[in-house]
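What follows is a set of notes on a single structure, which appears directly below.
In my numbering, the protein residues as written are 269 to 454.
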């Protein structure tokens, strides 16, 4: 009796290219999740440790700027930390997709959670970007003065932390697209 490829547990020859492409997408998904973890974790750490003290003409008065002075920056740190934790936990599903590239339900779950984390991270980064813009440029109509001329180190560090967060946003967007492509190929 002749045993066919499907009965022997092997995928049919037509599905072999699909499986290898899906496996390649899964490997790329894993690598991109690690990049996003690095970006969001770096952003949370950079913002969370940002402060600067300016000396004044007397020893009793000093001017201090900390990230925790602004609720928007605190939200930014929390959003990046939560997204980092999610991305670390999602690495397990990403490894599962490398092993079993035809999984549909877990890919759907990842797309849903990736989309929620994308929205969460975007809201935190956008709010922080608005505050950073005001810190750099100010708003003369509202009598908000640009503080970056005085707190230069603080502003540079806060601006740098935004870069990692926006890299995380871009990577999450690409992860959603790649997962959707892999899901549509099944």
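Glycine included, C-beta positions come from ideal geometry on N, C-alpha and C. Nothing here was measured: the structure is a model prediction, and the numbers come from that model.
Residues of its chain near residue i, where Cβ-Cβ distance is below 6 Å and the 5 sequence neighbours each way are ignored
i: residue 355; result: 301, 304, 305
i: residue 298; result: 362
i: residue 359; result: 301
DSSP state of residue i mapped onto helix, strand, coil
i: residue 411; result: coil
Residues near residue i by beta carbon distance below 8 Å, same chain, minus five either side
i: residue 352; result: 305, 308, 309, 312
i: residue 361; result: 374, 377, 378
i: residue 340; result: 395, 396, 398, 399
Nearest-angstrom beta carbon gap, residue j and residue i [assumed within contact, 8 Å]
i: residue 392; j: residue 347; result: 3 Å
i: residue 366; j: residue 453; result: Going by Cβ atoms, the distance from residue 366 to residue 453 rounds to 15 Å, so no, they are not a contact pair.
i: residue 389; j: residue 427; result: Residue 389 to residue 427, Cβ: 17 Å. No contact.
i: residue 437; j: residue 386; result: 7 Å
i: residue 450; j: residue 294; result: 7 Å
i: residue 345; j: residue 370; result: Rounded, the Cβ-Cβ distance is 39 Å, inconsistent with contact.
With 16 other Cβ atoms within 10 Å as the buried cut-off, status of residue i
i: residue 446; result: buried
i: residue 269; result: With a pLDDT of 47 at residue 269, under the threshold of 50, the modelled position of this residue cannot be trusted; read the value that follows with caution. So residue 269 counts as exposed.
i: residue 382; result: buried
i: residue 335; result: buried
Cβ shell of residue i (< 7 Å), same chain only, five flanking positions each side left out
i: residue 414; result: 403, 404, 405, 406
i: residue 425; result: 314, 318
i: residue 440; result: 304, 382, 385, 386, 389
Alpha helix (DSSP H) runs contained entirely in the region 350–426, provided each spans 4 or more residues:
Counting whole runs of 4 or more residues, the region 350–426 contains the alpha helix (DSSP H) stretches 373–405.
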